Structures are given as C-alpha cells and as structure tokens.
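K.L.:
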Amino acid sequence: ENIPEQTKRSGLLVDKAMKAYGTENVYAVGDCATLYLGNAMFDDLVTLFAEADTDGNGSLDKEEMLELFTIPNKKYPQADVFQSKIREDFDEIDTDGSGAVDLDEFKVLLNDVDSTLRSLPPTAQVAGQQGGFLAARLNGETQKPFKYFHKGSMAYIGQEKAAAQVSMLKSLLPEALQGLPLLGEDIVLTGRLAEIVWKFLYLDMQISTRNKLQVGFDWTKTILFGRDTSRV
C-alpha cells in the first residue's frame with residue numbers, strides 16, 4: 007500500500023520518536039530510516055495550517071501562506087525555502103486550481119520543504135543512539151524526542167597512526183549547559199596520540215568484558231611479536 011507521507015527512496019521518513027510518517031506502529035532506525043536534522047515543519051502540520059488560516063475557512067490563499075513566516079523563524083531554518091516556493095510555485099502547489107491550498111496540498115508542500123533539511127548520516131554511531139533511544143521509548147522510560155549527539159569521527163590509517171575528530175567535550179557537561187559556546191567543541195588529533203585514543207574508545211565500545219580482553223590481548227601480542235602474516 008502506498009503511503010503518501012513516505013517520499014524518500016533512501017529509507018522510511020521518521021519523526022523524532024522514530025515512528026514512520028503515515029503509520030501508527032511502524033518504527034525504523036539506522037540505514038533504513040531518514041531523520042532530518044532540525045525541526046521538521048511536517049511535525050507541526052495541523053498547528054501551522056491553523057495559524058495560517060486567519061479567516062478560518064479551512065483553506066489558505068497565497069497571502070495567508072506568505073504571512074506565516076514574515077518574521078525570521080529560528081525554529082524552522084527552512085522557512086526561507088517555504089516562502090520562495092509560495093512566491094514562485096503557488097500554482098503548482100494548488101493542484102486543483104481552486105486559488106487556495108487545502109490541508110492535503112499543504113501536507114505535500116511541507117514534505118517538499120522539509121526535504122531541504124540535512125538528514126542524519128547512515129553510520130553505526132547514529133544507529134546505536136537511535137536503537138538505544140527507541141528501546142527506552144518503547145519501554146516507557148522516556149517521552150523526550152530523539153536528539154543525536156555526534157561524538158566524533160575516527161580512522162586508523164596504519165603504522166600505529168590514526169586521525170580523529172572528537173566532539174565528546176560537550177557530553178561531559180549537564181544537558182542544560184551543552185548549548186553554551188565553548189572554546190572549541192571539536193578536538194582534532196593525528197598520529198600516535200590519535201591511535202591511542204582510538205584504541206581506548208574502540209575497547210570501550212566492545213559489548214562484553216570477554217570481547218574487550220580478547221581485543222586487548224590481540225593488540226598486545228601484535229606489539230610484542232608483530233602481526234601474523236603467514237595466512238595472508
């Protein structure tokens with residue numbers, strides 16, 4: 007069955023509770039989910055429509071839609087795109103040619119405007135945070151919307167060297183203080199120091215103590231005896 011709200015080919019379009027738009031009980035995380043960075047207008051569809059419908063007739067003319075975001079809006083960075091689409095493409099948005107936009111046409115417009123927002127990258131870091139959040143949500147442990155925190159990016163480049171961009175400094179602060187400007191949110195490391203940091207974080211992400219011991223033992227064996235290339 008076709009779901010009109012699902013307009014992405016790359017995955018299911020989900021809200022900040024990880025629930026797929028247009029469904030009641032379908033959830034998605036990781037590579038199969040598309041979640042926008044920023045506030046999606048679609049989440050506030052009914053509220054925005056009611057706010058714009060100043061004459062209360064159940065439809066929006068061009069002037070009413072342009073009035074909706076006359077003041078710069080910090081909540082919706084895509085508001086400028088919304089304004090430009092109304093000015094340039096109103097006749098295309100008004101698919102039935104009535105001279106006004108109904109709720110269904112408004113829904114299609116917001117989907118289109120929201121698509122200009124960046125999506126979260128399809129990485130294990132994103133999937134892990136989404137999975138933990140969804141488990142807590144379904145278990146009734148939280149009602150807050152999902153909020154992604156980028157811990158950084160790391161890459162091992164060989165010869166006991168690595169490159170790392172670490173963003174974990176903010177995570178050490180209380181959530182209420184994480185929005186304060188810092189001297190530098192990201193720490194960039196290269197070379198041997200970055201490789202040591204990479205190994206500590208890699209060990210910390212192992213699921214069990216047994217895995218941590220096995221990985222640590224393998225690294226120690228490689229340092230003492232070199233890497234076994236007999237099977238290569």
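Just add 6 to the spot in the sequence shown (first one is 1) and you have my numbering.
From the three backbone atoms N, C-alpha and C, an ideal C-beta is built for every residue, glycine too.
In this text, all values refer to a predicted model and were calculated from it rather than measured experimentally.
1) Look at the alpha carbon of residue 58 and the alpha carbon of residue 70, and state the distance between them as a whole number of angstroms.
2) By Cβ distance below 6 Å, which residues in the same chain neighbour residue 245 in space, the five residues on each side in sequence not counted?
3) What number of angstroms, rounded off, separates the C-alpha of residue 105 from the C-alpha of residue 118?
4) What is the DSSP secondary structure of residue 84, reduced to helix, strand or coil?
5) Might you give, ordered along the chain, the residues of its own chain that have their beta carbon closer than 7 Å to the beta carbon of residue 109, omitting 5 neighbours on each side?
6) Taking the C-alpha atoms as reference points, what is the distance between residue 23 and residue 152?
7) Could you check what DSSP says for residue 189 in three-state terms: helix, strand or coil?
8) Please return the same chain residues whose Cβ sits closer than 8 Å to the Cβ of residue 89, not counting the five positions on each side in sequence.
9) Along the chain, where does the alpha helix (DSSP H) that runs through residue 119 open and close?
10) Opposite residue 27 in the DSSP bridges: which residues?
11) Determine, using beta carbons only, whether residue 26 and residue 34 come nearer to each other than 8 Å.
12) With H, G and I counted as helix, E and B as strand and the rest as coil, what does DSSP make of residue 165?
13) Would you mind reading off the limits of the alpha helix (DSSP H) that contains residue 153?
14) Go ahead and pull the three-state DSSP assignment for residue 65.
15) Identify whether residue 226 lies in helix, strand or coil by the three-state DSSP scheme.
16) Mark residue 161 as exposed unless 16 or more other C-beta atoms lie within 10 angstroms of its C-beta, in which case mark it buried.
17) Please report how far the alpha carbon of residue 188 lies from the alpha carbon of residue 107, in whole angstroms.
P.N.:
Looking at the atomic coordinates:
1) Approximately 6 Å, taken between the alpha carbons.
2) The requested residue 245 is not part of the displayed model; the chain covers only 7 to 238.
3) Approximately 20 Å, taken between the alpha carbons.
4) Three-state DSSP puts residue 84 in coil, outside helix and strand.
5) Taken in chain order, the residues that qualify are 55.
6) A straight-line Cα-Cα distance of about 6 Å links residue 23 and residue 152.
7) Because residue 189 sits at a pLDDT of 44, beneath the cut-off of 50, its placement in the model cannot be relied upon, and the following sentence gives the value as read from the coordinates. Residue 189: coil per DSSP, three-state reduction.
8) 72 and 75, listed in sequence order.
9) Element bounds for residue 119: 109-120.
10) Beta-bridge pairing links residue 27 to no other residue.
11) Cβ distance < 8 Å, so residue 26 and residue 34 count as in contact.
12) Reduced to three states, the DSSP call for residue 165 is coil.
13) It is not in any alpha helix (DSSP H) - residue 153 carries neither H nor E in the DSSP assignment.
14) Reduced to three states, the DSSP call for residue 65 is coil.
15) Reduced to three states, the DSSP call for residue 226 is helix.
16) Flag for residue 161 reads exposed.
17) Because the pLDDT at residue 188 is just 47, under 50, the model does not fix this residue reliably, and the point stays unresolved.
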